[in-house]
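Asker: Under our numbering, think of the first position of the sequence shown as 156, with each following residue one higher. By construction, the Cβ of each residue, glycine as well, lies at the ideal position given by its N, Cα and C atoms. None of these values were measured; they are calculated from a predicted model. Got a structure for you, written out below as structure tokens; questions coming shortly.
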Amino acid sequence: MNSIEPNDIKKGDIGYLKNGWKFEMVDNKKGNIRMAKVHGYETEIGSIYTHDIAFIEKNGDDVPVDASRYQAQATMIKNLGFSS
Numbered sequence: 156m157n158s159i160e161p162n163d164i165k166k167g168d169i170g171y172l173k174n175g176w177k178f179e180m181v182d183n184k185k186g187n188i189r190m191a192k193v194h195g196y197e198t199e200i201g202s203i204y205t206h207d208i209a210f211i212e213k214n215g216d217d218v219p220v221d222a223s224r225y226q227a228q229a230t231m232i233k234n235l236g237f238s239s
């Protein structure tokens, strides 16, 4: 598997954000904002941007997420002065 589209990430999939925090997807929605249980300093459920997902664990392999279609959103957030 070369890469996965953000819309192909399903509920229960485990992955890592670009900041290194592990997460579990808790919805089956599509789009650039998804709900996930994030294991960071504290474990909490909240919204994450798909362009912040680094990879998903599938069958013991790390599959990168191709969020290039959401790059305009990442650029806008960065231009507003927020970290991306």
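#1: To the nearest angstrom, how far is the alpha carbon of I188 from that of Y171?
#2: By how many angstroms is the C-alpha of G201 removed from the C-alpha of K177?
#3: Out of A222, Y196 and G215, state which residue places its alpha-carbon closest to the alpha-carbon of H206.
#4: Excluding the five sequence neighbours on either side, which residues of its own chain have a C-beta within less than 8 Å of the C-beta of K165, listed in chain order?
#5: Going by the DSSP bridge assignment, what does E197 pair with across the sheet?
#6: May I ask you to list the residues that DSSP assigns as paired with G215?
#7: Locate the beta strand (DSSP E) running through F178, then write down its first and last residues.
#8: From I208 to D217, what distance separates their C-alpha atoms?
Answerer: Taking the definition as stated:
#1: In the sequence shown, the residue the question calls residue 188 occupies position 33. In the sequence shown, the residue the question calls residue 171 occupies position 16. In a straight line, the C-alpha of I188 is about 15 Å away from that of Y171.
#2: For this step, residue 177 is matched to residue 22 along the sequence shown. For this step, residue 201 is matched to residue 46 along the sequence shown. Roughly 13 Å separates the two Cα atoms.
#3: Translated into the one-based positions of the sequence shown, residue 206 becomes position 51. Of the listed residues, the one whose Cα sits closest to H206 is A222.
#4: Position 10 of the sequence shown holds residue 165. Closer than 8 Å at the Cβ level, and outside the excluded window around K165, lie M180 and N183.
#5: The residue given as residue 197 occupies position 42 in the sequence shown. Note: E197 sits in no beta bridge, so no partner.
#6: Within the sequence shown, residue 215 is the residue found at index 60, counting from 1. According to DSSP, which records beta bridges pairwise, G215 is partnered with nothing at all.
#7: Position 23 of the sequence shown holds residue 178. F178 -> beta strand (DSSP E) spans K177 to M180.
#8: If you number the sequence shown from 1, residue 208 lands on position 53. If you number the sequence shown from 1, residue 217 lands on position 62. Rounded to whole angstroms, I208 to D217 spans 12 Å at the Cα level.
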